[in-house]
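Engineer:
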Amino acid sequence: MKKTILFILFVFLLSFNKDAKAQNRVENSLKKYEKLSDSLITRYLLDSAHSLKFVDFPLAIQFAEKSIVFAQKEKDILNEANAYNVIGICNHLQNHYQIAFQYYQKALNIFIKNNNQKGQSSSLINIGVLYKDQKNYHVSTKYFLKAKKFAEASKDSSNLSAIYNNIGINYQNQQKLDSAIYFYLKALEIREKLNNIELLSNSYSCIATVYSDKKEFQKSLEFHLKSLQLDSLNDSKRNMVITLSNISSVYSSLNRYDEAINSAKHALKIAKELNYVQMLPDIYFNLYHIYYYKKEYKYAFDFAREYISIKDSISNVESEEIVMEMQAKYDSELKENEILMLNTQNELQENKIAQQKNFTYFLSVLIILLIVIVFIAIKAYRLKTKTNNLISIQNDELKKQKSEIHEKSKLIEIKSLQLEHVLKEVKDSINYAKKIQDAILPRSTKLNELNDSVAILYLPKDVVSGDFYWFEKIGNKYIFATADCTGHGVPGAFMSMIGVNNLNQIIVENKITSPDKILKELNIAVKKVLKQDDEDSESRDGMDISISCFDLDNKVISYAGAFRPLIYIRNNELFEIKASRNPIGGSAPIDFDYELHQFEYQKDDVFYMFSDGFPDQFGGSKGKKFMNKQLKEVFMKIYKLPPLKQKELLKDELEKWRGNNEQIDDVLVMCVKIS
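Each residue of the sequence shown is one higher than the one before, counting from -19 in this note's numbering.
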């Protein structure tokens, strides 16, 4: 027992002595305790490495490496894995991410080989935190979810709460705040059962920061106060400093500046008592902001200087900006007061001249000197005693500055008018492009000829669209097309004009009505227009399109598509016909043959062709895409209704799903009902 105590005491003292002699004594100490069993020495070395991993990285690594040697002798593979984790943590904290990952992986491999679920959970958490610190939140969350499986299997509540909390941090860093709160609350639920005051305080603090990000400052304050209560109960003064600093920021956001100052000063007092230097910059910076918003610039300036003096890692540029900003405010205030006092001085002088014309020049100078002394006493700044000539010079300088400001204002006004003119020209050009696009699209009168059997939902993302629709009657055949060109806005609209013009030439002029042949001719035409048939061409623009031809004589529909399918519903059953896996233009071979599909249509069949704008729209409670599956479900609900009514319901469904999210792409859906 005495040997054990002496060994631990030696390790403790060694952690505070980093010179070469101290590290050489690691070997010497092992010789002293060579009579102890290898397993006991392994445990002592590993415990020492754990105690040093946040204090002295090189020494902690040295102890861990020695423990590995003894663990391997004893074939103590679990302690060997724990030592690898310690070395991984030391490298992780020094930002040696690649080395840290290698050691975490070594530990994980051992735990996997021995089916140690708790060890697997801990190693996976370490790797997840490693990716989180590199801001690779997606990969980090994957590792946390893997760790969750093993933590649940081993019933390790502590690891499970850490996993949920880290996933919450990942979502918060990605501004997915509702998801972050969900996982923080799951961690909190476990920690309440564990009754671990420190972990509970951490959970309350995390939840509070999310509510701050959501600008729900009152809720944030409630959770911060809960955290502070637990920190105080646990006498965790370091955590109290952090929590009080956060509370101060929230009070400031609520414009409760006096309470913000009290909280910040309370945090400052404890931090100084603890010599908690790392938190002082945040507290000083917080106080600087509070006094700045209160317009108490002197105090703000003082705390800004304190902040700069203690945070030596802040770049010179950032420091100078803070000082310059405060100095500018201070100088501005002094300048205003200077002007006020000079005006007061002029008024007093004029009154004295009016009342006492017979005063001598000597008495006038004395009055001026007295006024200057009063000004110095009020504002605590030295002003040079000058005669009326100095006042005149200062007034001239103010007039000059006023003139310069006036000239700059004129220049800004001219620039603003020029910018408005440019913006108007751009807007007029886009509106003119819309008129051109509207002109080339089929007229609404053509739709009327179809007796409400066709409806088109057409919602451009911008003024003009990269999606377009086309239909024409050739003999006793109706041909319909919906297309999604590369891009949206003006570039997409340009591509749509190429598509419409070529469809007119291929179908109307050349009388080609078979969809597969139409697509082949369109592919050749687009590639030639965009010079994609040249070997050195870098153009990858093109379009995805679906074309259907209804033969009224034979009651047969022919369809071919380039990446866009045809969906039809018959007798309450939905069918999808896949398109060819090549676009028009772009990467498609110039001689590509598109697949033709033909079948007989029946009365009450409903056909849908659409671009990817609707299924790709983000929205809903989780901000996800609408997806093709959900769109098909909507089609099944509405297909029995008249097409125009379907169009209204589709638009309502899209707007409801989108909510406050931005429309990400042009939207086009065509519905054809056989009556």
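A virtual CB, placed ideally from N, CA and C, is assigned to each residue, including glycine.
These numbers come from a predicted model, not from an experiment.
With respect to the beta strand (DSSP E) encompassing L439, which residues constitute its N-terminal and C-terminal limits?
Structural biologist: Working through the sequence shown from its first residue, we reach residue 439 at position 459. Here the beta strand (DSSP E) through L439 covers V434 to L439.
Engineer: Leaving out five residues before and five after S409 in sequence, what residues of the same chain have Cβ atoms less than 8 angstroms from its Cβ?
Structural biologist: Translated into the one-based positions of the sequence shown, residue 409 becomes position 429. At S409, the pLDDT of 46 sits below 50, so the modelled position is not reliable; the number obtained from the coordinates is stated separately. The beta carbon of S409 sits closer than 8 angstroms to no other beta carbon from its chain once the five residues preceding and following it are set aside.
Engineer: Please report the distance separating the alpha-carbon of N71 from that of E642.
Structural biologist: Start at 1 with the first residue of the sequence shown, and residue 71 comes out as number 91. Start at 1 with the first residue of the sequence shown, and residue 642 comes out as number 662. If I take the Cα positions, the gap works out to 43 angstroms.
Engineer: Whole angstroms is fine: what's the gap from E169's alpha carbon to S138's?
Structural biologist: Within the sequence shown, residue 169 is the residue found at index 189, counting from 1. Within the sequence shown, residue 138 is the residue found at index 158, counting from 1. Those two C-alpha atoms are separated by around 12 angstroms.
Engineer: How about R675 and L179: do their beta carbons lie closer than 8 angstroms?
Structural biologist: Residue 675 is absent from the structure shown; the chain starts at -19 and stops at 655.
Engineer: Can you tell me whether Q42 is buried or exposed, with buried defined as 16 or more other CB within 10 angstroms of its CB?
Structural biologist: Taking the sequence shown and counting its residues from 1, the one referred to as residue 42 is at position 62. Q42 comes out buried.
Engineer: Helix, strand or coil for E202? Go by DSSP, reduced to three states.
Structural biologist: Here residue 202 refers to the residue found at position 222 of the sequence shown. Three-state DSSP puts E202 in a helix.
Engineer: Given Q74, which residues of its chain have a CB within under 8 angstroms of its CB, disregarding the five upstream and five downstream residues?
Structural biologist: In the sequence shown, residue 74 corresponds to position 94, counting from 1. Same-chain partners within the cutoff: F37.
Engineer: Could you pull the start and end residues of the beta strand (DSSP E) that S560 belongs to?
Structural biologist: Here residue 560 corresponds to residue number 580 of the sequence shown, with the count starting at 1. Premise fails: S560 is in no beta strand (DSSP E) and is neither H nor E.
Engineer: For A127, count neighbouring Cβ atoms within 10 angstroms of its own Cβ and tell me buried if that reaches 16, exposed if not.
Structural biologist: Translated into the one-based positions of the sequence shown, residue 127 becomes position 147. Buried, since its Cβ has 16 or more Cβ neighbours within 10 Å.
Engineer: For my contact list, S200 and Y191 are in at a C-beta cut-off of 8 angstroms; report their separation, rounded to the angstrom.
Structural biologist: Taking the sequence shown and counting its residues from 1, one reaches residue 200 at position 220. Taking the sequence shown and counting its residues from 1, one reaches residue 191 at position 211. With 8 angstroms as the limit, S200 and Y191 qualify as a contact, their Cβ atoms being about 4 angstroms apart.
Engineer: Leaving out the 5 sequence neighbours to the left and right, which residues in its chain are closer than 7 angstroms to I90 when beta-carbon positions are compared?
Structural biologist: Working through the sequence shown from its first residue, we reach residue 90 at position 110. Cβ within range, chain order: I57, E60 and A61.
Engineer: Looking only at DSSP bridge pairs, what is A463 linked to?
Structural biologist: Within the sequence shown, residue 463 is the residue found at index 483, counting from 1. DSSP lists F448 and I525 as the bridge partner or partners of A463.
Engineer: Can you have a look at F579 and say buried or exposed, based on whether 16 or more other CB atoms are within 10 angstroms of its CB?
Structural biologist: The residue labelled residue 579 in the question sits at position 599 within the sequence shown. Residue environment for F579: exposed (fewer than 16 other C-beta atoms within 10 angstroms of its C-beta).
Engineer: What are the start and end residues of the alpha helix (DSSP H) that includes M616?
Structural biologist: Start at 1 with the first residue of the sequence shown, and residue 616 comes out as number 636. Start and end: N608 to I618.
Engineer: Once DSSP output is grouped into helix, strand and coil, what is the label at E316?
Structural biologist: Residue mapping note: residue 316 aligns to position 336 of the sequence shown, counting from 1. With a pLDDT of only 49 at E316, under the threshold of 50, the placement of this residue in the model should not be trusted, and no figure is reported.
Engineer: Can you tell me the Cα-Cα spacing of L248 and S228, whole angstroms?
Structural biologist: Working through the sequence shown from its first residue, we reach residue 248 at position 268. Working through the sequence shown from its first residue, we reach residue 228 at position 248. Going by the C-alpha atoms only, they are around 11 angstroms apart.
Engineer: Return the chain-ordered list of same chain residues with a C-beta closer than 7 angstroms to the C-beta of T493, the five sequence neighbours on each side being excluded.
Structural biologist: Counted from its first residue, the sequence shown places residue 493 at position 513. So the qualifying residues of the chain are I454, K457, I459, I487 and C529.
Engineer: So what's F572 in DSSP terms, helix, strand or just coil?
Structural biologist: For the purposes of this step, residue 572 is identified with residue 592 of the sequence shown, where counting begins at 1. F572: coil per DSSP, three-state reduction.
Engineer: Identify every run of the beta strand (DSSP E) within the stretch 181 to 268, keeping only runs that are complete inside it and at least 3 residues long; order them along the chain.
Structural biologist: Counting whole runs of 3 or more residues, the stretch 181 to 268 contains no beta strand (DSSP E) stretch at all.
Engineer: Mapping the DSSP letters down to three states, classify E45 as helix, strand or coil.
Structural biologist: Numbered from its first residue, the sequence shown carries residue 45 at position 65. Helix at E45.
Engineer: Looking at the structure shown, is T458 part of a helix, part of a strand, or coil, going by DSSP?
Structural biologist: Locating residue 458 in the sequence shown gives position 478, where the first residue counts as 1. Going by the sequence as given, residue 458 is Tyr instead of Thr. It is a strand residue.
Engineer: Rounded to whole angstroms, what's the CA-CA distance from R656 to I525? Just pull it up for me.
Structural biologist: Absent from the model: residue 656. The displayed extent of the chain is -19 to 655, so no value can be given.
Engineer: Using C-beta distances below 6 angstroms, list every residue in its chain close to A568, excluding the 5 sequence neighbours before and after it, in chain order.
Structural biologist: As a working note, residue 568 is residue 588 in the sequence shown. These residues qualify, in order along the chain: N503 and N562.
Engineer: So, helix, strand or coil for Y24, using DSSP?
Structural biologist: Start at 1 with the first residue of the sequence shown, and residue 24 comes out as number 44. Y24 falls in the helix class under three-state DSSP.
Engineer: Grab the span of the alpha helix (DSSP H) containing G108 for me, first residue to last.
Structural biologist: Taking the first residue of the sequence shown as 1, we reach residue 108 at position 128. Element bounds for G108: Q97 to D113.
Engineer: Using DSSP with H/G/I as helix, E/B as strand and the rest coil, what is Y496?
Structural biologist: Sequence index remark: in the sequence shown, residue 496 carries index 516 (1-based). Here residue 496 is Asp; the residue named in the question, Tyr, does not match the sequence. The answer is helix: DSSP assigns D496 an H, G or I state.
Engineer: I need the DSSP call for N599, collapsed to helix, strand or coil.
Structural biologist: For the purposes of this step, residue 599 is taken as residue 619 along the sequence shown, with counting starting at 1. Strictly speaking, residue 599 in this sequence is Gly, with Asn absent from that position. DSSP places G599 in strand when its eight states are reduced to three.
Engineer: Could you check if H204 is buried or exposed, using at least 16 other CB atoms within 10 Å of its CB as the buried criterion?
Structural biologist: Within the sequence shown, the letter at position 224 stands for residue 204. Looking at its Cβ environment, which holds 16 or more other Cβ atoms inside 10 Å, H204 is buried.
Engineer: Suppose contacts are defined by Cβ-Cβ distances below 8 angstroms. Is I557 in contact with A461 by that definition?
Structural biologist: Your numbering for residue 557 matches position 577 in the sequence shown. Your numbering for residue 461 matches position 481 in the sequence shown. No, the pair does not count as a contact, with Cβ atoms beyond the cut-off.
Engineer: For S216 and A251, what's the separation of their Cα atoms in angstroms?
Structural biologist: As a working mapping, residue 216 is identified with position 236 in the sequence shown. As a working mapping, residue 251 is identified with position 271 in the sequence shown. Near 12 angstroms, if we compare the C-alpha coordinates of A251 and S216.
Engineer: Look up S134 in the DSSP assignment and say whether it is helix, strand or coil.
Structural biologist: Against the sequence shown, residue 134 aligns to sequence position 154. In the structure shown, S134 adopts coil according to DSSP, grouped into three states.
Engineer: How many Å lie between I535 and R520 at the Cα?
Structural biologist: Translated into positions along the sequence shown, residue 535 becomes position 555. Translated into positions along the sequence shown, residue 520 becomes position 540. Note that residue 535 is Lys in the sequence shown here, rather than Ile. Each residue's alpha carbon lies about 38 angstroms from the other.
Engineer: Beta carbon of I143, beta carbon of A131: below 8 angstroms?
Structural biologist: The sequence position of residue 143 within the sequence shown is 163, counting from 1. The sequence position of residue 131 within the sequence shown is 151, counting from 1. For I143 and A131, yes; Cβs fall inside 8 angstroms.
Engineer: Decide yes or no for the touch test of the stretch 118 to 126 against the stretch 74 to 83: beta carbon pairs closer than 8 angstroms, at least 3 of them.
Structural biologist: Flag = no, the stretch 118 to 126 and the stretch 74 to 83 do not touch.
Engineer: S433 and K653 look like a contact to me (Cβ under 8 angstroms); what is the Cβ gap, rounded to whole Å?
Structural biologist: Here residue 433 is taken as the residue at index 453 of the sequence shown, counted from 1. Here residue 653 is taken as the residue at index 673 of the sequence shown, counted from 1. Contact flag correct, Cβ pair sits at about 5 angstroms.
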